[in-house]
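Below you'll find the structure, written out as structure tokens, and then a few comments.
2 protein chains.
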Amino acid sequence: MTNFPYPGKPVRGSKTGKPTMALFDLLGRRWAMGVLWQLCQGGACTFRELQSRCESISPAVLNSRIKDLRQGLLVEHTSDGYQPTELGQQLAALLLPFSEFAQVWATHLNEQNQATQKDADNECD
Amino acid sequence: MTNFPYPGKPVRGSKTGKPTMALFDLLGRRWAMGVLWQLCQGGACTFRELQSRCESISPAVLNSRIKDLRQGLLVEHTSDGYQPTELGQQLAALLLPFSEFAQVWATHLNEQNQATQKDADNECD
DNA sequence: TTGGATTGCTATGTTTTTGATAGCAGAGGG
DNA sequence: CCCTCTGCTATCAAAAACATAGCAATCCAA
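Chains A and B supply the protein sequences, listed in that same order. First residue of the first sequence? That's 71 in our numbering, and the numbers climb one at a time after it. First residue of the second sequence? That's 71 in our numbering, and the numbers climb one at a time after it.
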């Protein structure tokens with residue numbers, strides 16, 4: 071149908087479609103992880119609410135990502151609106167540690183940038 | 071410098087640059103997770119070896135992703151070639167469960183497709 | 001010293017994907 | 001009927017990714 075990265079078919083990173091690579095292909099699309107994250111953090115919601123949670127996603131891309139995620143059985147559309155499937159929640163659970171890591175990561179980046187800044191300052195002596 | 075998603079600056083998913091969203095922005099770029107994965111699975115290697123491991127990445131994109139990952143302190147270039155940093159290994163560790171999940175995911179997708187196929191077959195009765 | 005072979009890219013032109021914005025059609029509710 | 005909310009699609013511009021060719025800087029043996 072579309073260009074969904076089906077395991078078993080050639081995907082980015084694997085001509086034989088290794089599931090891991092297929093998953094990376096799917097999640098490596100812009101906003102994919104963010105959309106799943108928002109749905110799992112904030113609970114089921116409407117298209118527009120989801121768009122709002124993402125702060126700056128365009129409807130075209132959101133729609134595209136929703137299609138991907140639905141086709142990937144990670145998100146479904148119910149009377150309550152869009153929500154993660156059981157499978158989607160499992161995946162989102164794996165994303166949780168990323169949040170914690172991101173804090174540490176941000177600290178390192180800050181330190182490094184401050185160091186760089188000091189170096190730059192010193193160069194001006 | 072480039073358009074690296076620095077935590078604290080506007081990134082996809084967060085105008086205030088929440089670290090989690092900044093990380094998603096970085097990892098949500100094509101090949102980002104795949105490159106990190108390959109480096110952590112196969113160990114340090116040269117640019118061309120890495121390109122080979124990725125099976126179908128173009129040098130331009132690989133170079134771009136390497137820049138991102140280096141700027142993100144996740145990958146470094148040593149005399150042994152490119153290799154993940156300590157921080158990069160921590161992140162890659164979080165990626166490991168994805169591989170297991172991907173197997174389950176692939177199974178579900180297959181089942182669903184077979185069901186769909188059967189439905190389609192039945193429609194032909 | 002010179003002719004490969006390897007490495008880390010850059011250059012170029014094309015195709016996809018995203019992004020920004022406008023707006024439409026259908027389902028309620030009043 | 002009018003208004004709002006919802007889930008999108010249409011359109012066009014910009015950015016990213018892709019495919020391919022090839023270059024400059026090692027390195028290394030002859």
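A virtual CB, placed ideally from N, CA and C, is assigned to each residue, including glycine.
{"Item": "Please specify which runs of the beta strand (DSSP E), each continuous and at least 3 residues long, are wholly inside the stretch 91 to 169 of chain A, giving them in chain order.", "Value": "145 to 148 and 151 to 154"}
{"Item": "Taking the Cβ atom as the reference point for each residue, do Ala-200(A) and Trp-107(A) lie within a distance shorter than 8 Å?", "Value": "Since the first residue shown for chain A is 71 and the last is 195, residue 200(A) is missing from the structure and cannot be characterised."}
{"Item": "Measuring straight from C-alpha to C-alpha, what distance separates Ala-102(B) and Leu-179(A)?", "Value": "18 Å"}
{"Item": "Do Gly-151(A) and Gly-83(B) have their C-beta atoms closer together than 8 Å?", "Value": "no"}
{"Item": "Find out if the Cβ-Cβ distance for the pair Arg-99(B), Arg-135(B) is shorter than 8 Å.", "Value": "yes"}
{"Item": "In its own chain, which residues sit with a C-beta less than 6 Å from the C-beta of Pro-75(B), not counting the 5 before and 5 after it?", "Value": "Val-81, Ala-92, Asp-95 and Leu-96"}
{"Item": "Going by DSSP, what residues sit across from Val-81(A) in a beta bridge?", "Value": "Ser-84(A)"}
{"Item": "Does His-178(A) have its Cβ less than 8 Å from a Cβ in chain B?", "Value": "yes"}
{"Item": "Quick one: what does DSSP say Thr-177(A) is sitting in, helix, strand or coil?", "Value": "helix"}
{"Item": "Report the option in Gly-142(B), Gln-184(B) and Ala-176(B) whose CA atom is closest to the CA atom of Thr-72(B).", "Value": "Gly-142(B)"}
{"Item": "Quick one: which chain A residues come within Cβ less than 8 Å of Leu-120(B)?", "Value": "Simply none; closest approach about 12 Å."}
{"Item": "By a C-beta neighbour count over all protein chains shown, 10 Å radius and 16 as the cutoff for buried, is Gln-184(B) buried or exposed?", "Value": "exposed"}
{"Item": "For a contact defined as C-beta to C-beta under 7 Å, what are the partners of Glu-125(A) on chain B?", "Value": "Gly-83, Ser-84 and Lys-85"}
{"Item": "Give the secondary structure of Pro-75(A) by DSSP, where H, G and I count as helix, E and B as strand, and everything else as coil.", "Value": "coil"}
{"Item": "Chain A beta carbons: is any one of them nearer than 8 Å to that of Thr-148(B)?", "Value": "no"}
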